[in-house]
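*Asks:* Shown below is the structure under consideration.
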Amino acid sequence: MVRLLILIAILFPVHATAGTAADTARAVRENSFDRDECYRVRDLSFIKEDLRVYLTDGHLIFSKPTAGRRVAAVFTADVEGGDGEVILFPPDRAERRSLAAFVDAPNLDEHFRAVMLLFTGDVYEQLQAQIAANPGNRKAPEIAPLLDEKWSPALRNIGTSYQVRLTLDLLGAPARGGLFAALFSSSKLGNFDIVYDPDNGEQIMAGQVNNRDNRLYFDTWTSFPARSSRKDPKPIVRDAELQDYRIDATIAPDLSLNAVTHVKVRVRQPTPVVSFEIAREMSVTQVRVDGAPAEVLQGESVRVNLTRGGNNLFLVVPSGPLQPGRDYEFEFHHAGNVIHDAGDHIFYVSARANWYPAAGMRFANYDLTFRFPREFDLVGSGDVIEDRTEGDTRIVRRRPSAPIRIAAFNLGDYLHARLDRGGYVIDVCANRKLESALRPRPTVPLSTSLPSMPGISRRGQQPIEGTVTTVERVPSPTEHLQALADEVASAMEFMSSKFGPPALPHLTVSPIPGAFGQGFPGLIYLSTLSYLKNLPGTRLDGSAASAEIFFGDVLQAHETAHQWWGNRVTAAGYRDNWLMEALANTSALLYLEKRRGSRSVEQMLDNYRTGLLAHSDAGQPVDSAGPIVLGTRLETSQEPRAWRTITYGKGSWIMQMLRARMGSDRFLAMLAEIAKRYDRKEITTEEFRLLAAGFLPPKSDDPKLESFFEQWVYGTGIPTLKLAYSVKGVAPNVKLTGTLTQSGVAPDFSAAVPVEIQVAKGRSITQWVRSADGPITFTVALKAVPLKVTLDPHYGVLRK
Ligand SMILES: [Zn+2]
843 MVRLLILIAI LFPVHATAGT AADTARAVRE NSFDRDECYR VRDLSFIKED LRVYLTDGHL
903 IFSKPTAGRR VAAVFTADVE GGDGEVILFP PDRAERRSLA AFVDAPNLDE HFRAVMLLFT
963 GDVYEQLQAQ IAANPGNRKA PEIAPLLDEK WSPALRNIGT SYQVRLTLDL LGAPARGGLF
1023 AALFSSSKLG NFDIVYDPDN GEQIMAGQVN NRDNRLYFDT WTSFPARSSR KDPKPIVRDA
1083 ELQDYRIDAT IAPDLSLNAV THVKVRVRQP TPVVSFEIAR EMSVTQVRVD GAPAEVLQGE
1143 SVRVNLTRGG NNLFLVVPSG PLQPGRDYEF EFHHAGNVIH DAGDHIFYVS ARANWYPAAG
1203 MRFANYDLTF RFPREFDLVG SGDVIEDRTE GDTRIVRRRP SAPIRIAAFN LGDYLHARLD
1263 RGGYVIDVCA NRKLESALRP RPTVPLSTSL PSMPGISRRG QQPIEGTVTT VERVPSPTEH
1323 LQALADEVAS AMEFMSSKFG PPALPHLTVS PIPGAFGQGF PGLIYLSTLS YLKNLPGTRL
1383 DGSAASAEIF FGDVLQAHET AHQWWGNRVT AAGYRDNWLM EALANTSALL YLEKRRGSRS
1443 VEQMLDNYRT GLLAHSDAGQ PVDSAGPIVL GTRLETSQEP RAWRTITYGK GSWIMQMLRA
1503 RMGSDRFLAM LAEIAKRYDR KEITTEEFRL LAAGFLPPKS DDPKLESFFE QWVYGTGIPT
1563 LKLAYSVKGV APNVKLTGTL TQSGVAPDFS AAVPVEIQVA KGRSITQWVR SADGPITFTV
1623 ALKAVPLKVT LDPHYGVLRK
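For the sequence shown, the working numbering assigns the number 843 to the initial residue and increments by one for each residue that follows.
Structure follows, in structure tokens:
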């Protein structure tokens, strides 16, 4: 247990005013064990849905009551022949496969030496009843001081991590409760967690905190809806709904941000406490509800952070319980350092999505006022409705013309290029100077990564290898500003002609130091590298051509495409997020094809394939880390590259293969239909499958795309395919006999593979052949001897 405890013993200040929440949180944090509640126990068990924990033989000690309830216990198997056992069977093949990748077995059946339990349900009562029922169990006062001394510091550390979440349950409405977190220590697997959280759509989750290259990862072994929820699925509804944001933000000369956020909050059931999320850099100092002071509790949890994408949970306790059916005006005062100085008036915004309080992502109206030092420029989502200067302060008010899910901003000293194109305004800003990291040196290590998606902060920024070789002079990010503006405007025009209007009619593109991009409604953060395209002498070693294409053509088009994918059409959950990235990238590649021809697209696809086939430390291709629907779970300590490589690479290939099956016209019609049918709605992977199947040509093999999704979306594997053929007969009775052989994948792998038969000059037919474990023989009747027979000449299937 010790290693784990050290890991999360990093203490953070808790901002809380005096009152019930603070008292409860302090009690959770300062909790200790109750020496009068220590037992020698045998054969106790705790069963929560799919999870079974057996306290077979050992000692059990409960914590002292917190807010009248006991919320923690420790069991140790520190007796002769002592034992504890945990059993967790994932309900489906995909989750069993995921678990097996970490614990070498599809089901978890693990003996442990110790477990710490945190809970807000009736665990204490259940275990007490079992203790009383068996005369073999007895109080063990002799060991109580030892256990208390050994485990109380650990309990306090864990309590710090969980204090906000536990306090939420302890203060909450009577319906709240039932959180169960078990932190195991086993000799085989080390320390690992299993959590049952009724607030999550997938209530059961098992995993482990791991460190790789000084970075912490939470490796999710498995995650799934609990048994009762699988039988009777109920949508997870948030405690609170937020509408009509009014944010007043002031950026001081030292770049600290102070904001007052007003928002209408509606609750679904009577509740004394409401939970929100905000970036960890932000402190919520004061909250008022309908003008009356409310208590606020904000703590930081490393563990919760790792699974919440860098956000903190915080609680607001109004002076009286909130009732459903009416709006409450919440006023948050929050402050923090989310803007960082990169020198020369170049800034980096770290909390791009969660700099103000939120409760999940939903479309809302915004009214934003920013005050900032007059020598800078501030851009953001929405139209400018006011812009004035008072002394040294510039005041800009923006109001997006439609509901959006996230309001973003960027700060700099910019040169602008503004274009009006087809009713849309495109404003591209460049830093006047080049960030120092990109200035010429003999070789500059360069972190490059692919763009990320709104809502997933901290993702998409992991470095891949590369260097920029010497350039002769200091390039300026403003040199190609007009050309860049032209390109963004063309991409916008191209996409709006295919998918309809973008999220907002006004799009600002602004630079960000680093090698990634992010597309928010009305605002794009674009890597400075995209401002330096066509720079003589600059190239990325290894994949020079595709890096140039990526930063020169793809990145800004990809981020522009997020105006539709992610900001109009949204993903239902983490398992569907890949769709937004795949749709944005396929839109960017369609635009690239129009601008530069299909060879450029093929170079990008080659590059993606190389990434997917690259080998991990364990000698396995990155693709085998897991199916694309695992989303951010793919980013693990075992293979940190997997999320990025699979989301963008496999995602682009999935779209490419669908296009090959449908033909370009049908594929484009499908994209338009998604934009129309799911406008300001969420789409799931299965809804996408059904919609896509509707665009297959008549009499297609695999008419519901079930096999296609099974292999490429829900499965892994990249086959090697070989074609042999012979031709017999003479015109007009020619018979082509072909044999398709597949290798390098699991025996159940099967893909539709195009075979192109050139029957005359400039005329060819495509025969789709379904591959399988053994050689597949097919025949085609032809009127003449074919000029050429080619296996998949146009990137119709992802293969080695
Ligand atoms: Zn993206």
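Note that beta-carbon positions come from the ideal geometry of N, C-alpha and C, so glycine has one too.
For I1391, collect the residues of the same chain with a Cβ closer than 8 Å to its Cβ; drop the 5 residues on either side in sequence, then sort them by chain order.
*Replies:* Translated into positions along the sequence shown, residue 1391 becomes position 549. Hits under 8 Å: L1434, R1438, S1442, Q1445, M1446.
*Asks:* Could you give the distance in angstroms between the alpha-carbon of S1065 and the alpha-carbon of T1452?
*Replies:* Counting from one through the sequence shown, the residue named residue 1065 turns up at place 223. Counting from one through the sequence shown, the residue named residue 1452 turns up at place 610. S1065 and T1452: Cα-Cα distance of roughly 30 Å.
*Asks:* Of the choices L1582, T1581, K1546, A1593, whose alpha-carbon is the least far from that of W1554?
*Replies:* Taking the first residue of the sequence shown as position 1, residue 1554 is located at position 712. It is A1593 whose Cα lies nearest to the Cα of W1554.
*Asks:* Look at the alpha carbon of K1642 and the alpha carbon of A1091, and state the distance between them as a whole number of angstroms.
*Replies:* Locating residue 1642 in the sequence shown gives position 800, where the first residue counts as 1. Locating residue 1091 in the sequence shown gives position 249, where the first residue counts as 1. Rounded to whole angstroms, K1642 to A1091 spans 52 Å at the Cα level.
*Asks:* Which residues in the same chain have their Cβ closer than 8 Å to the Cβ of V1464, if we skip the five residues on either side of it in sequence?
*Replies:* Along the sequence shown, one-based indexing puts residue 1464 at 622. Result list for V1464: G1453, L1454, L1455, A1456, H1457, S1458, E1481, R1483, A1484, T1487, I1488, in chain order.
*Asks:* Taking 7 Å as the limit between beta carbons, can you name the residues of its chain near L960, skipping five residues before and five after?
*Replies:* Within the sequence shown, the letter at position 118 stands for residue 960. The residues are V913, A914, I1000, Y1004, L1008, A1023.
*Asks:* Give the list of continuous beta strand (DSSP E) stretches no shorter than 3 residues that lie fully inside the stretch 1327-1385.
*Replies:* Here the runs fully enclosed are 1348-1354, 1360-1362, 1365-1369.
*Asks:* Measure how close the beta-carbons of Q1085 and A1206 come, nearest whole angstrom, since I'm counting them as under 8 Å.
*Replies:* Counting from one through the sequence shown, the residue named residue 1085 turns up at place 243. Counting from one through the sequence shown, the residue named residue 1206 turns up at place 364. Indeed they touch by this definition, with Cβ atoms about 5 Å apart.
*Asks:* Comparing alpha-carbon positions, which option in E1083, G1178, L1097 lies nearest I1120?
*Replies:* For the purposes of this step, residue 1120 is taken as the residue at position 278 of the sequence shown. Nearest option by C-alpha distance: G1178.
*Asks:* How would you write the range of the alpha helix (DSSP H) that F944 sits in, first residue to last?
*Replies:* The count along the sequence shown starts at 1 and reaches residue 944 at position 102. Residues 935-945.
*Asks:* Helix, strand or coil: how does DSSP classify G1638 here?
*Replies:* Counted from its first residue, the sequence shown places residue 1638 at position 796. Residue state, collapsed to three classes: coil.
*Asks:* My assumption, with CB atoms under 8 Å, is that L1472 sits in contact with S1027. Please give the rounded CB distance.
*Replies:* Against the sequence shown, residue 1472 aligns to sequence position 630. Against the sequence shown, residue 1027 aligns to sequence position 185. The pair is not a contact, with the Cβ atoms about 27 Å apart (cut-off 8 Å).
*Asks:* At 3 residues or longer, what runs of the beta strand (DSSP E) sit wholly inside the stretch 1050-1089?
*Replies:* Those beta strand (DSSP E) runs which fall completely within the stretch 1050-1089 and span 3+ residues are 1057-1066.
*Asks:* When burial is assigned at 16 or more other CB atoms within 10 Å of the CB, is D1668 buried or exposed?
*Replies:* Nothing about residue 1668 can be reported from this structure: the residues present for the chain run from 843 to 1642 only.
*Asks:* How many angstroms separate the CA atom of T866 from the CA atom of V1116?
*Replies:* Taking the first residue of the sequence shown as 1, we reach residue 866 at position 24. Taking the first residue of the sequence shown as 1, we reach residue 1116 at position 274. Whole-angstrom Cα-Cα distance: 15 Å.
*Asks:* Pick helix, strand or coil for I985, following the three-state DSSP scheme.
*Replies:* Locating residue 985 in the sequence shown gives position 143, where the first residue counts as 1. Note: I985 maps to coil in three-state DSSP.
*Asks:* For M1422 and L989, I'd like the C-alpha separation in whole angstroms.
*Replies:* Locating residue 1422 in the sequence shown gives position 580, counting from the first residue. Locating residue 989 in the sequence shown gives position 147, counting from the first residue. Spanning the two alpha carbons is a distance of roughly 50 Å.
*Asks:* In terms of alpha-carbon separation, which member of I929, Y1373, F1172 lies closest to L893?
*Replies:* Here residue 893 corresponds to residue number 51 of the sequence shown, with the count starting at 1. L893 has its Cα closest to that of I929, out of I929, Y1373, F1172.
*Asks:* Taking 8 Å as the cut-off, decide whether the C-beta atoms of S1582 and V1611 are in contact.
*Replies:* By one-based count along the sequence shown, residue 1582 stands at place 740. By one-based count along the sequence shown, residue 1611 stands at place 769. Before going further, note that residue 1582 is Leu rather than Ser in the sequence given. Yes; because the gap between Cβ atoms is below 8 Å, this pair is in contact.
*Asks:* If I follow the unbroken alpha helix (DSSP H) through A1206, where does it start and stop?
*Replies:* Locating residue 1206 in the sequence shown gives position 364, counting from the first residue. From DSSP, A1206 is part of no alpha helix (DSSP H); its letter is neither H nor E.
*Asks:* Rounded to a whole number of angstroms, what is the C-alpha to C-alpha distance between N1348 and D1269?
*Replies:* Along the sequence shown, read from residue 1 onward, the residue named residue 1348 stands at position 506. Along the sequence shown, read from residue 1 onward, the residue named residue 1269 stands at position 427. Per the sequence presented here, residue 1348 reads as His, with Asn not at that position. Taking the straight line from one Cα to the other gives about 8 Å.
*Asks:* Quick one: any contact between the stretch 1533-1550 and the stretch 1423-1430, if contact means 3 or more CB pairs under 8 Å?
*Replies:* At 8 Å Cβ cutoff, the stretches do not touch.
*Asks:* Using three-state DSSP, classify T1562 as helix, strand or coil.
*Replies:* Counted from its first residue, the sequence shown places residue 1562 at position 720. DSSP places T1562 in strand when its eight states are reduced to three.
*Asks:* If you measure from the CB of E1477, is any heavy atom of ligand 1 nearer than 7 Å?
*Replies:* Numbered from its first residue, the sequence shown carries residue 1477 at position 635. Because no heavy atom of ligand 1 lies under 7 Å away, the Cβ of E1477 does not count as near it: no.
*Asks:* Give the secondary structure of Y1567 by DSSP, where H, G and I count as helix, E and B as strand, and everything else as coil.
*Replies:* On the sequence shown, residue 1567 is found 725 positions in, with the first residue counted as 1. Looking at Y1567 - three-state DSSP - the assignment turns out to be strand.
*Asks:* May I have the straight-line CA-CA distance separating A1272 from Y1256, to the nearest angstrom?
*Replies:* Here residue 1272 is taken as the residue at index 430 of the sequence shown, counted from 1. Here residue 1256 is taken as the residue at index 414 of the sequence shown, counted from 1. Roughly 5 Å between the two C-alpha positions.
*Asks:* What's the C-alpha gap between E1321 and F1189?
*Replies:* In the sequence shown, residue 1321 corresponds to position 479, counting from 1. In the sequence shown, residue 1189 corresponds to position 347, counting from 1. One C-alpha to the other measures close to 19 Å.
*Asks:* DSSP state of A1200, grouped into three classes?
*Replies:* Along the sequence shown, one-based indexing puts residue 1200 at 358. Reduced to three states, the DSSP call for A1200 is strand.
*Asks:* Is the beta carbon of G1616 sitting closer than 8 Å to the one on V1597?
*Replies:* Looking up residue 1616 in the sequence shown gives position 774. Looking up residue 1597 in the sequence shown gives position 755. Not in contact: G1616 and V1597 (Cβ atoms no closer than 8 Å).
*Asks:* If you count every other CB in all the chains shown that lies within 10 Å of the CB of P1242, and 16 or more means buried, which is it?
*Replies:* Position 400 of the sequence shown, counting from 1, holds the residue named residue 1242. P1242 is buried by the Cβ-count criterion.
*Asks:* Check the C-beta distance from T1231 over to R1216 and give it rounded, since I have them as a contact under 8 Å.
*Replies:* Taking the sequence shown and counting its residues from 1, one reaches residue 1231 at position 389. Taking the sequence shown and counting its residues from 1, one reaches residue 1216 at position 374. The Cβ separation is near 5 Å, so the contact holds.
*Asks:* Count the other CB atoms, across all protein chains shown, that sit within 10 Å of the CB of A1535; report buried if there are 16 or more and exposed otherwise.
*Replies:* Within the sequence shown, numbered from 1, the residue matching residue 1535 stands at position 693. With 16 or more other Cβ atoms within 10 Å, it is buried.
*Asks:* Output the boundary residues of the alpha helix (DSSP H) element that contains G1528.
*Replies:* As a working mapping, residue 1528 is identified with position 686 in the sequence shown. According to the sequence displayed, residue 1528 carries Glu and not Gly. From DSSP, the alpha helix (DSSP H) with E1528 extends over 1527-1535.
*Asks:* Indicate the three-state DSSP secondary structure (helix, strand or coil) for L1097 in the structure shown.
*Replies:* Residue numbering aside, residue 1097 sits at position 255 when the sequence shown is read from its first letter. Note: L1097 maps to coil in three-state DSSP.
*Asks:* In or out: N976 buried (at least 16 other Cβ within 10 Å) or exposed?
*Replies:* What you label residue 976 is simply residue 134 of the sequence shown in a count that begins at 1. Flag for N976 reads exposed.
*Asks:* Look at G1505 and I1470 and say whether their C-beta atoms are less than 8 Å apart.
*Replies:* Locating residue 1505 in the sequence shown gives position 663, counting from the first residue. Locating residue 1470 in the sequence shown gives position 628, counting from the first residue. Against a cut-off of 8 Å, the Cβ pair of I1470 and G1505 comes out as no contact.
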